[in-house]
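Numbering (this note's numbering), first residue to last: 96 to 233.
Inspection log for the structure reproduced underneath, given as structure tokens.
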């Protein structure tokens with residue numbers, strides 16, 4: 096999914112124009128970027144937590160030569176999904192796993208609804224004007 100896909104879903108699921116939907120997405124991303132740039136964490140209930148972590152310098156190995164090399168200290172962006180998002184994403188595929196942890200991809204995924212993201216992430220592109228602006232289960 097791309098930013099344009101998100102804009103399209105907001106456009107189809109609300110009374111926003113495409114321009115308004117695009118501006119909304121840009122504003123949300125801008126706020127998240129600025130907050131992270133300021134060193135603060137971003138926690139979105141039902142979705143997950145973005146944070147910045149400092150990594151210490153360490154010794155690594157060049158995979159081609161095996162030669163030891165110093166990896167400098169740096170800051171990295173991390174994302175930890177919420178339990179409900181993780182469950183929503185993985186529960187549709189859990190029945191494919193055998194006892195030894197191998198996946199049988201020939202078994203179709205289970206249909207499901209998204210508790211974490213409501214109607215936004217349920218994959219429905221069509222919008223019903225009667226349910227305009229309301230997430231499933233709210």
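Idealized CB from N, CA, C, for every residue including glycine.
Those residues which DSSP pairs with residue 149 across a bridge: For the purposes of this step, residue 149 is taken as residue 54 along the chain shown, with counting starting at 1. BP columns for residue 149 point to 170.
Identity of the residue in 125, 192 and 145 nearest residue 175 by Cα: Numbered from 1 along the chain shown, position 80 holds the residue referred to as residue 175. Of 125, 192 and 145, the residue nearest in Cα terms is 145.
Endpoints, the alpha helix (DSSP H) within which residue 126 is located: As a first step, residue 126 is located in the chain shown; it is residue number 31 there, counting from the start. Counting along the chain, the alpha helix (DSSP H) containing residue 126 begins and ends at 113-132.
Host beta strand (DSSP E) of residue 181 (start-end): Along the chain shown, one-based indexing puts residue 181 at 86. Premise fails: residue 181 lies in the alpha helix (DSSP H), 178-186, not in any beta strand (DSSP E).
CA-to-CA distance, residue 108 to residue 217, given in whole angstroms: Numbered from its first residue, the chain shown carries residue 217 at position 122. Numbered from its first residue, the chain shown carries residue 108 at position 13. Its pLDDT being 45, under 50, residue 217 is placed unreliably by the model, and nothing is read from it.
DSSP-derived helix/strand/coil call for residue 138: To locate residue 138, count along the chain shown from 1; it is residue 43. Looking at residue 138 - three-state DSSP - the assignment turns out to be strand.
Beta-carbon proximity check, residue 193 vs residue 141, cutoff 8 Å: On the chain shown, residue 193 is found 98 positions in, with the first residue counted as 1. On the chain shown, residue 141 is found 46 positions in, with the first residue counted as 1. Not closer than 8 Å, so no.
Residue 102 classed as buried or exposed, judged by whether at least 16 other C-beta atoms fall within 10 angstroms: For the purposes of this step, residue 102 is identified with residue 7 of the chain shown, where counting begins at 1. Counting Cβ neighbours within 10 Å, residue 102 comes out buried, since at least 16 surround it.
Closest by C-alpha distance to residue 205, when choosing among 182, 197, 195 and 196: Here residue 205 refers to the residue found at position 110 when the chain shown is read from its first residue. The option with the nearest alpha carbon to residue 205 is 182.
Classification of residue 104 by the beta-carbon crowding that lies within 10 angstroms, buried from 16 upward: Reading the chain shown from its first residue, position 9 is the one you call residue 104. Buried, by the Cβ-count rule.
Beta-carbon proximity list for residue 198, same chain, < 8 Å, skipping 5 on both sides: By one-based count along the chain shown, residue 198 stands at place 103. Excluding sequence neighbours, residue 198 sits near 188, 191 and 192.
Reduced DSSP secondary structure (H/G/I, E/B, other) of residue 144: Numbered from its first residue, the chain shown carries residue 144 at position 49. DSSP places residue 144 in strand when its eight states are reduced to three.
Local conformation of residue 229 per DSSP, three classes: In the chain shown, counting from the first residue as 1, residue 229 sits at position 134. Because the pLDDT at residue 229 is just 40, under 50, the model does not fix this residue reliably, and the value given afterwards should be weighed accordingly. Three-state result, residue 229: coil.
Nearest neighbour of residue 166, chosen from 130, 184 and 156 [CA to CA]: The residue given as residue 166 occupies position 71 in the chain shown. Of the listed residues, the one whose Cα sits closest to residue 166 is 156.
DSSP-derived helix/strand/coil call for residue 99: For the purposes of this step, residue 99 is taken as residue 4 along the chain shown, with counting starting at 1. If DSSP states are grouped into helix, strand and coil, residue 99 belongs with the helices.
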